[in-house]
Amino acid sequence: MRNKRDVYLDDRPWEEALEGLLKHLEAVGSLAPGAPEEISVEEALGRVTAEPVFARNSSPHYNASAMDGIAVDSSITFGASDAAPKQIRLGDKARVVDTGDPIPPGCDAVIMIEDVHFVEDEVFEITSAAAPWQHVRAIGEDVVATEMILPANHQIRPMDIGGILAGGVAKIKVHPRPKVALLPTGTELVQPGAELKPGDIVEYNTRVFGAMVQTWGGEPLRWPITVDDWERLKESALNAVEQADIVVINAGSSAGREDFTAELIRQLGTVLTHGAAIKPGKPVILGEVKGKPVIGVPGYPVSAFLTMELFVRPIVYKKLGSVPPAPKTTEAIISRKMPSPMGVEEFIRVKMGQVGEKIIATPISRGAGVIMSLVRADGMLRVPRLSEGFRAGDTVKVELMRPLEEVRQTTVVIGSHDMALDVLANHLRRKFPEASLSSANVGSLGGLSAIKRGECHCAGTHLLDEETGDYNVSYIQRLLGDRPVVLLNLVYRQQGLMVARGNPLHIKGLEDLAREGIRFINRQRGAGTRILLDFRLKQLAIDPDSIYGYNREEYTHMAVAAAVASGAADAGLGILAAANALDLDFVPVVEERYDLCIPGEYWDTPYVTRLLEVIATPEFRQQVEALGGYDLRDCGGVMYRQGI
1 MRNKRDVYLD DRPWEEALEG LLKHLEAVGS LAPGAPEEIS VEEALGRVTA EPVFARNSSP
61 HYNASAMDGI AVDSSITFGA SDAAPKQIRL GDKARVVDTG DPIPPGCDAV IMIEDVHFVE
121 DEVFEITSAA APWQHVRAIG EDVVATEMIL PANHQIRPMD IGGILAGGVA KIKVHPRPKV
181 ALLPTGTELV QPGAELKPGD IVEYNTRVFG AMVQTWGGEP LRWPITVDDW ERLKESALNA
241 VEQADIVVIN AGSSAGREDF TAELIRQLGT VLTHGAAIKP GKPVILGEVK GKPVIGVPGY
301 PVSAFLTMEL FVRPIVYKKL GSVPPAPKTT EAIISRKMPS PMGVEEFIRV KMGQVGEKII
361 ATPISRGAGV IMSLVRADGM LRVPRLSEGF RAGDTVKVEL MRPLEEVRQT TVVIGSHDMA
421 LDVLANHLRR KFPEASLSSA NVGSLGGLSA IKRGECHCAG THLLDEETGD YNVSYIQRLL
481 GDRPVVLLNL VYRQQGLMVA RGNPLHIKGL EDLAREGIRF INRQRGAGTR ILLDFRLKQL
541 AIDPDSIYGY NREEYTHMAV AAAVASGAAD AGLGILAAAN ALDLDFVPVV EERYDLCIPG
601 EYWDTPYVTR LLEVIATPEF RQQVEALGGY DLRDCGGVMY RQGI
């Protein structure tokens, strides 16, 4: 049993760490592709040729007619013109042919059937001479026997299959798919579908890795879960090294009591790097055991995904005799300040959409454990390690995780969070497959500020005017001046306190939040829910400082609900739909209006007109109402116009 804690050996730039790994693997001979395997051409899509492919026969292998018409000896057509049509009788030097037929002996051209006029059953007339070899596919026009069709180390495309078969080749030799062993480790891991208890973590990382390896052209071999036991992990690792070309050990790469991976690789082989200057993914381990690359990737899913991309992907392509395709990129404008620690290259997931002439990139969760940040991301932004981040409005290069055209068709909604937006996004995609909705949750004030900066097509907002009791209009007038906008209602919704099922602490209203022992979780500053809370606390003469947890913030209703459901908080202000989603009890506080503020320049564009079509459908309305706590009496109605 190993008792000592490991420490990071390095904090190297990832490019330097990768270069060192590849040089070491090259020196021990573990990057060369394996022995070629022969496969049917029909099954070769995506495979990489291990040797050149040469044509065995020509295509076509005979002189063939390229048209339906009449094959002729071109010399007998000379002199034909509009002024002096020439009549020719079918015979040895003039025969009817169809496309693909062999050219008869004695003939060297084809006249298209459209250019002939039969004056008798066996006699036709032409008005122009045929040039030698017109409309004839000569032997080898496509492929000539012995010609190289494809070089070695070429990835087979659909059209390549046709070219190879046209050259008379039925089987080819390709590099074998590199076998990548995926070892999930951790006593806390359980298989997907298992009944969960506190402390359990669903093991999905190696499923993600397997899909990545298949995409790159490798063959994933997924091992069973190995608990945190030194001898068992050693046995699994040695077994994997024997069976695979590349070994990936997931988790145990950090410096905790049961993080064995670095010491294991060190005892069995060589650790080249432990710790790269990247965020997330810092604890990555790059090593070699018995001539095989062994990579220790962190357990957090985003860290794991990133380190697989940076360090495992290049090895797979090397083993295939190929190179990874360059990422597709686009320039975008950063929507808000994005600080980053100096000395570390940070990889930030962003949502994107085209607003006016600019593509706007908005950062989403930077947590290493948030797999949904990858699911929702449109692109990946790299912050150089010698930079301290970006300022709002900076132009940056983003690596695309979705097609650029799809990004351009995205309706960008920035502002307050509501679950109806998720329903809207789903129905938008169903009705308009080319379109999508990107929702960034920055609070109502943040949404109106985004409109002011020209960074979104809509802003979700539910800002209560304390003096009038109305929603949103006074804020629009104050923050946006006389800018043309339309305020469109989406829903009315119930706001209240979300509490554990059964309300064990007997919380009856906001006044109970100041009771001793009640743990509250708040929304972020600028959120409409936070403004509503502060207004009601002021009415009740409750000092926010008397509420334990008032300064603890989350950015969505579902995040607040999750904190209550997990027991991390006793109460949080949010919408009934979020409470219902996580089976929480709900103490009503107020009904509020949730609107979409739409800049006038986008009102008649597809970004908005598609939303209006979806909002009007019975299916959308029914699904929102089924969430609970919603009233759609004004849904799709214009509540206020300014300058339009």
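Using full-length UniProt numbering, the first residue of the sequence shown is number 1, and each one after it goes up by one. Where a beta carbon is used, it is the ideal one built from N, C-alpha and C, also for glycine.
Just checking my contact of residue i with residue j at CB under 8 Å: how many whole Å lie between their CB atoms?
{"i": "E357", "j": "R385", "result": "The Cβ separation is near 31 Å, so there is no contact."}
{"i": "C597", "j": "I476", "result": "6 Å"}
{"i": "V587", "j": "G509", "result": "6 Å"}
{"i": "T185", "j": "L233", "result": "6 Å"}
{"i": "D482", "j": "G600", "result": "Not confirmed; about 11 Å, so no contact."}
{"i": "A568", "j": "M498", "result": "Actually they do not touch by this definition, with Cβ atoms about 12 Å apart."}
{"i": "P301", "j": "I371", "result": "4 Å"}
{"i": "G559", "j": "L582", "result": "The sequence shown places Ala at residue 559, rather than the Gly named in the question. Contact doesn't hold; Cβ gap of about 11 Å is too wide."}
{"i": "S65", "j": "P132", "result": "Incorrect: roughly 14 Å between the Cβ atoms, too far for contact."}
{"i": "V486", "j": "R641", "result": "6 Å"}
{"i": "E306", "j": "F347", "result": "Reading the sequence as shown, one finds Leu at residue 306 and not Glu. Rounded, the Cβ-Cβ distance is 6 Å, consistent with contact."}
{"i": "L21", "j": "L272", "result": "6 Å"}
Would you call residue i buried or exposed, if buried means 16 or more other Cβ atoms sit within 10 Å of its Cβ?
{"i": "R12", "result": "buried"}
{"i": "K93", "result": "buried"}
{"i": "V323", "result": "exposed"}
{"i": "L612", "result": "exposed"}
{"i": "H427", "result": "buried"}
{"i": "P280", "result": "buried"}
{"i": "H462", "result": "buried"}
{"i": "T215", "result": "exposed"}
{"i": "D245", "result": "buried"}
{"i": "G629", "result": "buried"}
{"i": "Q155", "result": "buried"}
{"i": "T617", "result": "exposed"}
{"i": "T395", "result": "exposed"}
{"i": "K23", "result": "exposed"}
{"i": "G256", "result": "Interpretation of G256 is limited by its pLDDT of 48, a score under 50 that renders its predicted location unreliable; the figure taken from the coordinates is listed afterwards. Exposed."}
{"i": "Q495", "result": "buried"}
{"i": "T468", "result": "exposed"}
{"i": "A361", "result": "buried"}
{"i": "I70", "result": "buried"}
{"i": "P403", "result": "exposed"}
{"i": "G79", "result": "exposed"}
{"i": "T609", "result": "exposed"}
{"i": "M308", "result": "buried"}
Are residue i and residue j touching if we call contact CB-CB under 8 Å?
{"i": "N63", "j": "G167", "result": "no"}
{"i": "G296", "j": "I265", "result": "yes"}
{"i": "V53", "j": "I111", "result": "no"}
{"i": "H274", "j": "D595", "result": "no"}
{"i": "V208", "j": "V180", "result": "no"}
{"i": "P224", "j": "G210", "result": "no"}
{"i": "Q524", "j": "G637", "result": "no"}
{"i": "V398", "j": "T329", "result": "yes"}
{"i": "G218", "j": "V316", "result": "yes"}
{"i": "A563", "j": "L584", "result": "no"}
{"i": "V294", "j": "V241", "result": "yes"}
Looking at the strands, I want to know which residues DSSP matches up with residue i.
{"i": "A571", "result": "V499 and F520"}
{"i": "E120", "result": "V123"}
{"i": "V247", "result": "A181 and V294"}
{"i": "M338", "result": "F390"}
{"i": "D631", "result": "Y492"}
{"i": "I111", "result": "I70"}
{"i": "Q642", "result": "V485"}
{"i": "M352", "result": "A361"}
{"i": "K279", "result": "E346"}
{"i": "Y594", "result": "V491"}
{"i": "H135", "result": "Beta-bridge pairing links H135 to no other residue."}
{"i": "T395", "result": "I333"}
{"i": "E553", "result": "N522"}
{"i": "F586", "result": "M498"}
{"i": "Q622", "result": "Bridge partners of Q622: none, in fact."}
{"i": "C458", "result": "V413"}
Is the region 97-116 close to the region 149-166, with three or more CB pairs under 8 Å?
Judged by Cβ distances under 8 Å, the region 97-116 makes no contact with the region 149-166, as fewer than three pairs qualify.
Please confirm if the region 476-496 is in contact with the region 621-635, defined as three or more CB-CB distances below 8 Å between the two stretches.
As far as the Cβ criterion goes, the region 476-496 touches the region 621-635, which means the pair count is three or higher.
Could you tell me whether the region 88-104 touches the region 36-45, using the rule of 3 or more Cβ pairs below 8 Å?
Two segments are said to touch when three or more pairs of C-beta atoms, one from each, lie closer than 8 Å; by this definition the region 88-104 does not touch the region 36-45.
Should the region 440-459 be called in touch with the region 353-370, which here means at least 3 C-beta pairs below 8 Å?
yes
State whether the region 81-91 contacts the region 119-139, with contact taken as three or more CB pairs (one from each stretch) at a distance under 8 Å.
yes
For the 8 Å Cβ check, are there 3 or more pairs between the region 383-400 and the region 337-351?
yes
Using 8 Å as the threshold, is the region 68-84 in touch with the region 178-194, meaning 3 or more CB pairs across them?
no
Counting pairs of Cβ atoms below 8 Å between the region 195-204 and the region 174-183, do you hit three or more?
no
Count the C-beta pairs between the region 438-448 and the region 409-425 that are closer than 8 Å, then say yes if the count reaches three, no if not.
yes
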